[in-house]
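Undergrad: Each number in our numbering comes from the position in the sequence shown (counting from 1) with 11 added on. Note that the Cβ used here is the ideal one computed from N, Cα and C, for glycine as well. Just so it is clear, the structure is predicted and the values come from calculations on it, not from any experiment. I'd like to ask some things about the structure below.
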Amino acid sequence: RTGGWVTVYTDITQIKRQEAMLRSEGEKLSADLITRSEELTETIRRLAATNSALEEAKRDLIDAEARARVTAEMTPAHIAHVDRNKVYTYSNRKLFEVIGASPRDIIGLSTKEALGPDAHRQIGPMFDKALAGDANVSEFDLHEGTRRVRAAFTPDINPDGDIVGAYVLSMDITAEAQARAALQQTRKRELAAQLTSGLAHDFANLLT
Numbered sequence: 012r013t014g015g016w017v018t019v020y021t022d023i024t025q026i027k028r029q030e031a032m033l034r035s036e037g038e039k040l041s042a043d044l045i046t047r048s049e050e051l052t053e054t055i056r057r058l059a060a061t062n063s064a065l066e067e068a069k070r071d072l073i074d075a076e077a078r079a080r081v082t083a084e085m086t087p088a089h090i091a092h093v094d095r096n097k098v099y100t101y102s103n104r105k106l107f108e109v110i111g112a113s114p115r116d117i118i119g120l121s122t123k124e125a126l127g128p129d130a131h132r133q134i135g136p137m138f139d140k141a142l143a144g145d146a147n148v149s150e151f152d153l154h155e156g157t158r159r160v161r162a163a164f165t166p167d168i169n170p171d172g173d174i175v176g177a178y179v180l181s182m183d184i185t186a187e188a189q190a191r192a193a194l195q196q197t198r199k200r201e202l203a204a205q206l207t208s209g210l211a212h213d214f215a216n217l218l219t
């Protein structure tokens with residue numbers, strides 16, 4: 012006999028479940044990838060904005076430093092910084108004009124090397140005070156009294172509260188000192204004249 016058919020049944024429930032699960036996971040993964048991609052794009056955008064802001068801040072800082080250096084160089088005073096070992100780490104080029112007979116470039120030199128024995132003997136203790144935390148201002152004579160200098164010393168304190176150096180601002184006040192001395196002499200002469208005039212008047216009254 013011929014004819015008929017053969018039917019084979021196979022349970023594919025598990026396969027269909029797996030396919031459905033894979034489709035679901037694939038859709039979820041695609042959604043996650045899209046979300047992550049959007050987040051990454053946003054992060055990149057923010058980083059680009061941050062980098063742009065940092066570059067702008069860097070340019071502003073460079074400009075500010077340049078302006079500060081120009082101001083420091085044009086200031087008619089010596090502005091400098093020394094570290095804990097009293098070695099110059101910054102200086103404008105005014106020390107020679109203020110102290111005289113000193114190197115024009117003192118960065119890397121000790122205060123003794125830069126100032127010379129005469130000035131260092133007078134300024135050294137002031138540096139010591141500043142490095143101990145005591146801001147101070149003093150005036151002193153140099154070159155056998157032919158030059159008068161005023162110097163202000165300020166401790167350099169880091170954010171942790173440690174003293175890491177000192178700032179110094181010094182200027183030649185010879186003309187100012189001479190003007191003060193002349194004014195004092197004028198006042199003395201005026202006082203003497205007033206006193207003499209008063210005595211003469213009193214003596215005249217006494218004779219009368």
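(1) What span of residues does the beta strand (DSSP E) with residue 91 cover, start to end?
(2) Just list the residues that DSSP pairs residue 165 with in beta bridges.
(3) Just mark residue 41 as buried or exposed, buried being the case when its beta carbon has 16 or more other beta carbons within 10 Å.
(4) Distance check for residue 25 and residue 16, CA to CA, integer angstroms please.
(5) If I'm right that residue 92 touches residue 167 with Cβ under 8 Å, what's the distance once you round it to whole angstroms?
(6) Alpha helix (DSSP H) containing residue 124: first to last residue?
(7) Using 7 Å as the cut-off, classify the Cβ of residue 66 as near or not near the heavy atoms of the ligand FMN, replying yes or no.
(8) Where does residue 78 sit, in a helix, a strand or coil, going by DSSP?
(9) Ignore the nearest five residues each way along the sequence and tell me which others in residue 133's own chain have a CB closer than 6 Å to its CB.
(10) Have a look at residue 164 and residue 196 and give me their C-alpha separation to the nearest angstrom.
(11) Using only the alpha-carbon positions, how far apart do residue 111 and residue 189 sit?
(12) Considering just the uninterrupted stretch of the alpha helix (DSSP H) at residue 108, what are its terminal residues?
(13) On a Cα-Cα basis, can you pick out the residue from 108, 46, 143, 87 that is closest to residue 95?
(14) Look up residue 113 in the DSSP assignment and say whether it is helix, strand or coil.
(15) For residue 122, is the classification buried or exposed, using 16 other Cβ atoms within 10 angstroms of its Cβ as the cut-off for buried?
(16) Distance, Cα to Cα, residue 36 vs residue 27?
(17) Does the beta-carbon distance from residue 120 to residue 99 come in below 8 Å?
(18) Verify whether the separation of the beta carbon atoms of residue 182 and residue 87 is less than 8 Å.
(19) Just list the residues that DSSP pairs residue 98 with in beta bridges.
(20) Which residues mark the beginning and the end of the beta strand (DSSP E) in which residue 152 is found?
TA: Taking the definition as stated:
(1) If you number the sequence shown from 1, residue 91 lands on position 80. Secondary structure note for residue 91: its beta strand (DSSP E) is the uninterrupted segment 89-94.
(2) The sequence position of residue 165 within the sequence shown is 154, counting from 1. The beta-bridge partner set that DSSP reports for residue 165 consists of 178.
(3) What you label residue 41 is simply residue 30 of the sequence shown in a count that begins at 1. Within 10 angstroms of the beta-carbon of residue 41 lie fewer than 16 other beta-carbons, which makes it exposed.
(4) Counted from its first residue, the sequence shown places residue 16 at position 5. Counted from its first residue, the sequence shown places residue 25 at position 14. Residue 16 and residue 25 have their C-alpha atoms roughly 27 Å apart.
(5) On the sequence shown, residue 92 is found 81 positions in, with the first residue counted as 1. On the sequence shown, residue 167 is found 156 positions in, with the first residue counted as 1. About 7 Å separates the two Cβ atoms, so the contact holds.
(6) Locating residue 124 in the sequence shown gives position 113, counting from the first residue. In the DSSP assignment, residue 124 falls within the unbroken alpha helix (DSSP H) covering 122-142.
(7) The model on display carries no ligand, and the ligand FMN is accordingly not part of it.
(8) For the purposes of this step, residue 78 is identified with residue 67 of the sequence shown, where counting begins at 1. In the displayed model, residue 78 falls within a helix according to three-state DSSP.
(9) Locating residue 133 in the sequence shown gives position 122, counting from the first residue. Only 151 meet the Cβ criterion.
(10) Locating residue 164 in the sequence shown gives position 153, where the first residue counts as 1. Locating residue 196 in the sequence shown gives position 185, where the first residue counts as 1. The alpha-carbon atoms of residue 164 and residue 196 are separated by roughly 31 Å.
(11) One-based indexing of the sequence shown puts residue 111 at position 100. One-based indexing of the sequence shown puts residue 189 at position 178. In this structure, the alpha-carbon of residue 111 lies about 18 Å from that of residue 189.
(12) Against the sequence shown, residue 108 aligns to sequence position 97. Residue 108 -> alpha helix (DSSP H) spans 106-109.
(13) Translated into positions along the sequence shown, residue 95 becomes position 84. Considering only 108, 46, 143, 87, the residue with the shortest C-alpha distance to residue 95 is 143.
(14) Translated into the one-based positions of the sequence shown, residue 113 becomes position 102. In the three-state DSSP reduction, residue 113 falls in the coil class, being neither helix nor strand.
(15) Counting from one through the sequence shown, the residue named residue 122 turns up at place 111. That one is buried.
(16) Position 25 of the sequence shown, counted from the start, is the residue given in the question as residue 36. Position 16 of the sequence shown, counted from the start, is the residue given in the question as residue 27. Rounded to the nearest angstrom, the two C-alpha atoms are 14 Å apart.
(17) Locating residue 120 in the sequence shown gives position 109, counting from the first residue. Locating residue 99 in the sequence shown gives position 88, counting from the first residue. Cβ atoms of residue 120 and residue 99: closer than 8 Å.
(18) Walking along the sequence shown from the start, residue 182 turns up at place 171. Walking along the sequence shown from the start, residue 87 turns up at place 76. In this structure, residue 182 lies near residue 87, with their beta-carbon atoms less than 8 Å apart.
(19) In the sequence shown, the residue the question calls residue 98 occupies position 87. For residue 98, which the question treats as bridged, DSSP gives the partners 121.
(20) Along the sequence shown, read from residue 1 onward, the residue named residue 152 stands at position 141. Note, residue 152: beta strand (DSSP E), 147-153.
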